[in-house]
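Residue numbers (full-length UniProt numbering): 1 to 405. Below is one structure; the comments refer to it alone.
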């Protein structure tokens, strides 16, 4: 796949270099290559990326009220998340990148993300298949899952889903059939190796939509009014998540209980686990210490032998770990972003955000920037001239750096 990355200014170059450094470290950290990357090196790279972002910000001559308000909200979220998760954690640093990249064309951000993601996904899988790093196998009855060099089976599949989503955004109806078939083949192969069913289904939805757009380029434009129905999708899905979990096997209606029992089975026990977590830990305004035990391995390949209890629903996880305040802010910002995207008639981005709202009900990995670069779109709320797509080549006036991969 050929990706042309055109950088039009020094601040943009600095921002994308910083983003690239952060994404590389973040992705490598969830692979077995992390055992060869000392923690101090990772922290230094992240610190350097933040320093580069600081230099980029020095090019700003003035800040309007949106930028100031955005900085205050960003600082508040960063402090709350940092206090709970660590100020140098991936989630906390990702919040800073959302603010710092507010004036960078999203297409440039997306291209940077897909280049790094494709390279590292290939690098890790090849390393695992060649025996350079472990290729952990999880065997549970008849189910066999290969981790493909990552520390959990879901990591390569969600990374590939991000690649498929970015490809849909970048290519739209311009995608070649061989590119589509290659993405589809990779998606199925990763699913066959990892047995990550729900992520596979979401990736398939993206692939089918890309094919439909190629056949009918004006499909989303003609369906524009339908997108308005989903403007409140993040709010609705958050409320639905809590309702489903709270009512699980507690309804007076046997039909509802039977339906939720079957739905829970289809979702791999996610509703039951979220229900159990809410009973054990509840939720508060500013979050609390929650001891979840997942299946992800340590960098040495050691598995947690404690009783499995993990919340995959992002809305419920945020409410428990970071608090209702952060959940309310997150949902509000995502909803406003979706409003702006729809108003700007960015139909493909709107579709991806809507799918993200539903996928977040079954997968918390959407929270991380290296798995979901579309968090950067929140910067459009701060910067009035936000570019959802690049300007035309004629507008570059020759003042650009160009990299072809």
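Glycine included, every Cβ here is placed at the ideal spot set by N, Cα and C. Please read all numbers here as calculations on a predicted model, not as lab measurements.
Practice problem: Tell me whether residue 257 sits in a helix, a strand or coil according to DSSP, three-state version. | Solution: helix
Quiz item: Grouping DSSP H, G and I as helix and E and B as strand, with all else coil, what is residue 293?
Solution: strand
Quiz item: Which residues bound the alpha helix (DSSP H) around residue 197?
Solution: 197-215
Practice problem: Pick out whichever of 97, 67, 63 and 66 has its Cα sitting closest to the Cα of residue 78. | Solution: 97
Quiz prompt | Meets three-Cβ-pair contact criterion under 8 Å: the region 319-335 and the region 280-290 | solution = yes
Quiz item: Three or more beta-carbon pairs under 8 Å between the region 324-334 and the region 121-141, yes or no?
Solution: no
Practice problem: May I have the straight-line CA-CA distance separating residue 386 from residue 341, to the nearest angstrom? | Solution: 11 Å
Self-check item: Cβ-Cβ distance between residue 15 and residue 56 below 7 Å
Solution: yes
Practice problem: From the DSSP output, in three-state form, read off residue 388 for me. | Solution: coil
Exercise. Output the boundary residues of the alpha helix (DSSP H) element that contains residue 144.
Key: Careful: residue 144 lies outside any alpha helix (DSSP H), inside the beta strand (DSSP E) at 143-146.
Self-check item: C-alpha distance - residue 153 paired with residue 145, whole-angstrom precision
Solution: 7 Å
Quiz prompt | Through-space distance from residue 337 to residue 378, alpha-carbon basis | solution = 6 Å
Exercise. Compute the minimum distance between the beta carbon of residue 67 and the heavy atoms of the ligand FMN, and state whether it is under 6 Å.
Key: Of ligands this structure carries none, so the ligand FMN is not represented either.
Quiz item: Quick one: what's got a C-beta closer than 8 Å to residue 278's C-beta in the same chain, skipping five residues either side?
Solution: 245, 246, 316 and 320
Practice problem: Ignoring anything shorter than 4 residues or poking outside the region 2-90, list the alpha helix (DSSP H) runs there in chain order. | Solution: 10-29, 39-57 and 65-85
Exercise. Quick one: residues in its chain with C-beta nearer than 7 Å to the C-beta of residue 11, no 5 flanking neighbours on either side, listed in chain order?
Key: 56 and 59
Exercise. For residue 138, write down the residues that DSSP places opposite it in a beta bridge.
Key: 145
Self-check item: C-alpha distance - residue 37 paired with residue 207, whole-angstrom precision
Solution: 35 Å
Quiz item: Should residue 259 be labelled buried (16 or more other beta-carbon atoms within 10 Å of its own) or exposed?
Solution: exposed
Quiz item: What are the start and end residues of the alpha helix (DSSP H) that includes residue 359?
Solution: 347-359
Quiz item: residue 222: buried (16+ other C-beta within 10 angstroms of its C-beta) or exposed?
Solution: exposed
Quiz prompt | residue 232 in three-state terms, based on DSSP | solution = coil
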